[in-house]
Amino acid sequence: MGKFEEVFQQSIGNPEAFWGEAAKEITWFKEFEKVLDDSNPPFYRWFQGGKMNTCYNAVDRHVANGRADQTAIIYDSPVTKTIKKISYKQLLDQVSTFAGGLADLGVGKGDTVVIYMPMVPEAAIAMLACARLGAVHSVVFGGFAPHELAIRIDHAQPKILITASGAIEGAKTLEYKPLVDSAIEQSTHIVDKVVLFQRDFVSASMIDGRDYDWNELMANSKPVDCVELDATDPLYILYTSGTTGMPKGVLRDNGGHAVALNWTMKNLYNINPGEVWWSASDVGWVVGHSYIVYAPLIQGATTVFYEGKPIGTPDAGAFWRVISEHKVKCLFTAPTAFRAIKKEDPKGELFAKYDTSCFDCLYLAGERTDPDTLHWAEDLIGVPVIDHWWQTETGWAIVGNCRGIEELPVKEGSPTKPMPGWDVKIVDDEGEELSAGTEGNIVVKLPLPPGTLVTLWRNEERFVKSYMTKFPGYYETSDGGYMDEDGYVYVMGRMDDVINVAGHRLSTGAMEEIISNHPDVAECAVFGANDSLKGQLPVGFFVVKAGVTRSGEEIKDELVKMVRESIGPIACFRDACQVPRLPKTRSGKILRGTMRAIANNKEYKMPSTIDDPAILDEITETLTKMGYVKK
Numbered sequence: 000m001g002k003f004e005e006v007f008q009q010s011i012g013n014p015e016a017f018w019g020e021a022a023k024e025i026t027w028f029k030e031f032e033k034v035l036d037d038s039n040p041p042f043y044r045w046f047q048g049g050k051m052n053t054c055y056n057a058v059d060r061h062v063a064n065g066r067a068d069q070t071a072i073i074y075d076s077p078v079t080k081t082i083k084k085i086s087y088k089q090l091l092d093q094v095s096t097f098a099g100g101l102a103d104l105g106v107g108k109g110d111t112v113v114i115y116m117p118m119v120p121e122a123a124i125a126m127l128a129c130a131r132l133g134a135v136h137s138v139v140f141g142g143f144a145p146h147e148l149a150i151r152i153d154h155a156q157p158k159i160l161i162t163a164s165g166a167i168e169g170a171k172t173l174e175y176k177p178l179v180d181s182a183i184e185q186s187t188h189i190v191d192k193v194v195l196f197q198r199d200f201v202s203a204s205m206i207d208g209r210d211y212d213w214n215e216l217m218a219n220s221k222p223v224d225c226v227e228l229d230a231t232d233p234l235y236i237l238y239t240s241g242t243t244g245m246p247k248g249v250l251r252d253n254g255g256h257a258v259a260l261n262w263t264m265k266n267l268y269n270i271n272p273g274e275v276w277w278s279a280s281d282v283g284w285v286v287g288h289s290y291i292v293y294a295p296l297i298q299g300a301t302t303v304f305y306e307g308k309p310i311g312t313p314d315a316g317a318f319w320r321v322i323s324e325h326k327v328k329c330l331f332t333a334p335t336a337f338r339a340i341k342k343e344d345p346k347g348e349l350f351a352k353y354d355t356s357c358f359d360c361l362y363l364a365g366e367r368t369d370p371d372t373l374h375w376a377e378d379l380i381g382v383p384v385i386d387h388w389w390q391t392e393t394g395w396a397i398v399g400n401c402r403g404i405e406e407l408p409v410k411e412g413s414p415t416k417p418m419p420g421w422d423v424k425i426v427d428d429e430g431e432e433l434s435a436g437t438e439g440n441i442v443v444k445l446p447l448p449p450g451t452l453v454t455l456w457r458n459e460e461r462f463v464k465s466y467m468t469k470f471p472g473y474y475e476t477s478d479g480g481y482m483d484e485d486g487y488v489y490v491m492g493r494m495d496d497v498i499n500v501a502g503h504r505l506s507t508g509a510m511e512e513i514i515s516n517h518p519d520v521a522e523c524a525v526f527g528a529n530d531s532l533k534g535q536l537p538v539g540f541f542v543v544k545a546g547v548t549r550s551g552e553e554i555k556d557e558l559v560k561m562v563r564e565s566i567g568p569i570a571c572f573r574d575a576c577q578v579p580r581l582p583k584t585r586s587g588k589i590l591r592g593t594m595r596a597i598a599n600n601k602e603y604k605m606p607s608t609i610d611d612p613a614i615l616d617e618i619t620e621t622l623t624k625m626g627y628v629k630k
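Under numbering that gives the first Met the number 0, the sequence shown has 407 at position 408, and the numbering climbs by one with no breaks.
In structure tokens form, the structure reads like this:
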């Protein structure tokens with residue numbers, strides 16, 4: 000039995016002993032009485048009776064333990080041409096003072112606070128200040144439309160809203176304040192206090208009696224200590240899209256979250272205290288919560304806050320510049336980012352300009368890593384490229400490659416094996432476990448490990464219905480896939496991405512994998528369109544790499560041939576079209592469900608997370624020309 004297998008078996012066989020040991024790595028004000036309270040399934044609670052504070056673990060304890068002068072946050076903003084380093088001592092001063100300012104405005108334990116900020120250190124300071132007071136923060140992605148922000152305000156019912164005057168998105172300046180004012184006007188919940196961080200490049204007007212200037216608040220406030228909290232007290236709400244219009248408010252607790260995230264930094268990512276870690280995401284997403292702010296700081300690492308894009312700020316060498324300049328050991332980003340870099344700089348000429356000898360590993364997550372992108376990245380940067388799979392609800396990886404325990408061989412198309420603590424099964428629609436290699440529903444045996452969602456904010460009934468009802472005793476991931484004979488998991492996409500062609504269940508993810516192997520294709524999407532004869536037929540869109548001049552029709556014919564040869568004529572893959580771009584969320588996920596709805600002439604809700612709404616008009620026009628959309 001290998002080292003990883005040994006650790007995994009311990010975690011499944013005796014989770015209380017396993018997580019009880021992991022809990023020794025964080026600081027407790029009072030030791031917990033019980034590692035796992037399983038008296039009220041599926042509402043499991045970790046570290047019952049323990050007293051602690053997440054902010055103390057992320058900031059104060061490092062200052063007390065000799066890391067005061069170590070850099071906690073590197074802020075790198077190519078869009079504002081700013082680089083700033085903040086030590087743990089400086090972070091403590093700012094967080095404790097801002098917490099004092101929030102307390103002066105009436106924020107206390109159990110209150111909710113909405114944070115609507117760009118990728119600036121002040122976003123982390125606001126989050127940590129809430130955690131310091133025991134207030135529950137809900138970060139909403141900066142730039143979300145007023146209507147979407149209003150929905151979240153009404154659901155979270157914040158005592159206060161924290162925002163900035165704006166951000167730079169590509170070549171445009173996006174003003175936040177008009178969006179915030181409009182959202183507050185639209186919401187039924189009254190927000191009577193707004194803290195505004197003014198940025199140099201865009202000034203926002205203040206509303207007397209309601210709005211407070213960030214810098215003035217800091218200047219007039221005194222630092223406060225951390226509030227002693229129960230491990231089971233809520234830390235934050237993070238809204239994620241539901242199948243209905245109302246987003247689901249994933250609720251995370253304090254104790255389990257701190258223990259699990261701290262454990263992952265060394266064991267999953269092989270990062271030690273003091274090393275530089277970079278998660279190229281945004282604080283508005285779960286990755287930003289877990290791996291820009293909380294995990295690296297709880298562990299005592301240095302975290303990079305990057306306010307920019309993988310391309311265009313200024314070019315496709317941006318990531319290599321950050322890694323070289325700040326001596327980044329590991330980077331965590333979405334496959335989309337690397338597909339964008341590959342499209343702009345397919346030969347990796349910009350990579351050669353930088354010294355990346357400090358770089359140890361690239362981690363990808365957020366969507367399936369296609370083999371072409373995986374191998375392109377491996378060949379270019381010469382370090383391990385590790386895919387892993389998780390969800391907003393889980394807070395950290397369900398399936399991964401624990402390089403801090405034992406690095407397992409990479410298999411293309413698989414994020415490797417279930418993580419310690421995750422008892423993953425593949426089951427059919429009746430809940431019967433399937434044999435190796437057979438595709439089905441990916442589920443996780445309860446209880447879930449620490450750090451995962453404990454419920455949905457103000458909706459326990461929806462929590463049970465959404466995740467715990469279809470397969471009793473299991474968490475339903477709503478993703479489909481299979482496990483091979485070595486225990487490697489293959490995630491083939493949402494279960495509704497499985498299409499039924501003449502009675503045959505076929506994975507659009509498998510077709511995408513084949514298409515992405517074409518040398519001219521940068522990225523692709525396959526989704527099911529209704530067909531009167533076959534039930535459903537696959538439709539493919541593809542974007543070509545920079546410099547490709549061949550006709551889309553010629554490439555399409557080759558793709559049809561490739562799918563036919565790999566899957567067989569049973570796939571009925573005959574319709575594909577070249578498009579200039581694919582619709583995506585701001586975190587880089589391709590909106591396959593929305594394209595499917597358009598192709599099937601169904602009403603769809605404009606996704607609140609969409610990067611550019613105009614692209615849906617382009618997609619509709621393309622599908623109309625292809626004969627799917629009926630005028």
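All residues carry an ideal CB built from backbone N, CA and C; glycine is no exception.
C-alpha gap between residue i and residue j, whole angstroms
i, j, result
"Ile614", "Arg580", "8 Å"
"Lys192", "Gly19", "41 Å"
"Ile159", "Gly100", "12 Å"
"Pro408", "Asp483", "14 Å"
"Ile161", "Val578", "39 Å"
"Asp616", "Pro370", "30 Å"
"Met625", "Met594", "13 Å"
"Leu228", "Val138", "21 Å"
"Lys247", "Leu363", "25 Å"
"Thr242", "Pro606", "Legend: pLDDT at Thr242 = 49, less than 50; position of this residue unreliable, value from coordinates given subsequently. Rounded to the nearest angstrom, the two C-alpha atoms are 11 Å apart."
"Asp210", "His517", "54 Å"
"Lys308", "Ala317", "8 Å"
"Met116", "Glu432", "44 Å"
"Val6", "Trp388", "19 Å"
"Gly430", "Lys416", "21 Å"
"Val488", "Phe196", "44 Å"
"Val179", "Ala351", "43 Å"
"Asp92", "Gly508", "48 Å"
"Ser86", "Phe304", "13 Å"
"Asp75", "Asp199", "16 Å"
"Val113", "Ala575", "43 Å"
"Met264", "Ser323", "21 Å"
"Tyr627", "Glu184", "40 Å"
Bridge-paired residues (DSSP) for residue i
i, result
"Arg504", "Asn499"
"Tyr473", "Lys444"
"Asn529", "Gln535"
"His136", "Val112, Tyr235"
Buried versus exposed call for residue i [16 or more other C-beta atoms within 10 Å across all chains shown]
i, result
"Leu90", "buried"
"Asp478", "buried"
"Ala386", "The sequence given here has Asp at residue 386, not Ala. That one is buried."
"Asp232", "buried"
"Lys629", "exposed"
"Met0", "exposed"
"Val398", "buried"
"Pro41", "buried"
"Gly502", "exposed"
Beta carbon of residue i nearer than 9 Å to that of residue j
i, j, result
"Glu274", "Asp314", "no"
"Ile73", "Ile297", "no"
"Ser586", "Asp281", "yes"
"Ser506", "Gly394", "no"
"Ile513", "Leu455", "no"
"Leu445", "Tyr473", "yes"
"Ser95", "Ala128", "yes"
"Thr111", "Trp284", "no"
"Ala294", "Asn269", "no"
Contact test: residue i Cβ vs the ligand GDP heavy atom, cutoff 8 Å
i, result
"Asp478", "The ligand GDP is not among the ligands present in this structure, which contains no ligands whatsoever."
Query raised in the report: Between the region 612-628 and the region 546-561, are three or more C-beta pairs nearer than 8 Å?
Result: no
Query raised in the report: If you pair each beta-carbon of the region 445-457 with each one of the region 36-55, do three or more pairs fall below 8 Å?
Result: yes
Requested in this report: Would you be able to state if there are at least three C-beta pairs under 8 Å between the region 533-548 and the region 569-579?
Outcome: yes
Requested in this report: Kindly confirm or deny that the region 412-425 and the region 4-13 touch, where touching means at least three C-beta pairs closer than 8 Å.
Outcome: yes
Report task. Inspect the CB distances between the region 149-156 and the region 187-205 and report whether three or more fall short of 8 Å. Result -> yes
**Report entry** Segment contact, 8 Å Cβ cut-off, at least three pairs: the region 353-362 with the region 323-332
**Finding:** yes
Query raised in the report: Per the contact definition of three or more C-beta pairs closer than 8 Å, is the region 162-171 in contact with the region 115-130?
Result: yes
Report task. Examine the Cβ distances between the region 541-548 and the region 338-354 and report whether three or more of them are shorter than 8 Å. Result -> yes
**Report entry** Contact between the region 372-385 and the region 213-227 (3+ Cβ pairs under 8 Å)
**Finding:** no
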